[in-house]
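First comes the structure, then the notes that go with it.
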Amino acid sequence: MRQISALVTIPCVQLDLLFREEIPSRKRDDVLIVATRIVPVQYVRNRRAKHYILRLRDDGSVRLTVPAFGSKREALAFANTRLDWIEKQLNKPQRSDVPREWTDGTEILFRGSPTRLSVHPEGQGVRVALADLAFSIQSKTSCVRDATQRFLWELAREELARRTYELAEEQRLDVRRVTVRNQRARWGSCSANRTISLNWRLVMTPESVRDYVILHELMHLRQLNHSKRFWAHVEKVCPDYRAAEKWLKENAGLLR
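Each residue of the sequence shown is one higher than the one before, starting from 47 at the first, in the working numbering.
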């Protein structure tokens, strides 16, 4: 078994977003007018970003990533070209989230399928079962959700690393290291020193989606960007990658 570290030192290319330092806003009119709504705008500087990136936050505000060469004025102009998309997102019905507290019968995604947790007393603690897996919590007052997520993270450390090395061998690629982390805004990344970093929540996705994310990052070992040549590599090794991308977008709430 290869040793897995929990730290990535030089993330260069990533799947989804990783935001950096906040840019203090001095104007009170940093807003977008979307139909009849006034939508606040938050600016975030990311020196690694190659272009402007717009994200709608859970509170209904807009988060604009500004690259090193960019400005707030250009970022706002970019956002104004996306008003139709923002309006559609704001008008979407709110989805009910997984309960904050996980208890017996709580349903979560595991390997892409809704799976119920089984939580029962065991001595001074509780026994938690998920599909064909189970683990114990020593105290009945412990948070089941936190304990389950830690358990899945540890499971991911082994499974994701093993699968990454398998796929790398199939593609005749040399991976220096695989890390499994708790990213809040991306599924994976690949660094210039040939380190692949993956989000532990990939154990919650279908295997086809998990493999797509891994292959996506592995293809960055051939092309360290998101050029047409890169996507040609991705399509060659994962012809159905668009379906996986669609699943990731529809289930982006898993990252929160």
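Using N, Cα and C, we set each Cβ at its ideal position, and we do this for glycine too.
For F276, the three-state secondary structure derived from DSSP is helix.
Counting C-beta atoms within 10 angstroms of its own C-beta, F115 has fewer than 16 neighbours from the protein chains shown and is therefore classed as exposed. Across the structure, A193 and H279 are spaced so that their CA atoms are roughly 39 Å apart.
Straight-line spacing of the CA atoms in F181 and K118 works out to 49 Å.
Every alpha helix (DSSP H) stretch that sits fully inside the segment 154-242 and reaches 4 residues is listed by chain position as 190-216. Rounded to whole angstroms, the gap between the alpha carbons of K282 and V165 is 44 Å.
Inclusion of A125 and L110 in the CB contact set at 8 Å is warranted, their separation being smaller than that value. Excluding residues up to 5 positions away in sequence, R191 lie with their Cβ nearer than 8 Å to the Cβ of R146 in the same chain. Remark: C-beta atoms of R162 and G171 do not approach each other more closely than 8 Å.
Take the alpha-carbon of K186 and the one of A175: they are about 15 Å apart. G234 counts as buried, since at least 16 other C-beta atoms from the protein chains shown sit within 10 angstroms of its C-beta. Going by C-alpha positions, Y89 is about 15 Å away from D105. Taking each of E120, T241, W148 in turn and checking the Cα distance to D76, the smallest one comes out for E120. Using a 10 angstroms sphere on the CB of T82, the tally of other CB atoms stays under 16, which defines it as exposed.
One Cα belongs to L244, the other to H97, and the distance between them is close to 23 Å. The three-state secondary structure of Q269, taken from DSSP, is coil. Within 10 angstroms of the beta-carbon of A95 lie 16 or more other beta-carbons, which makes it buried.
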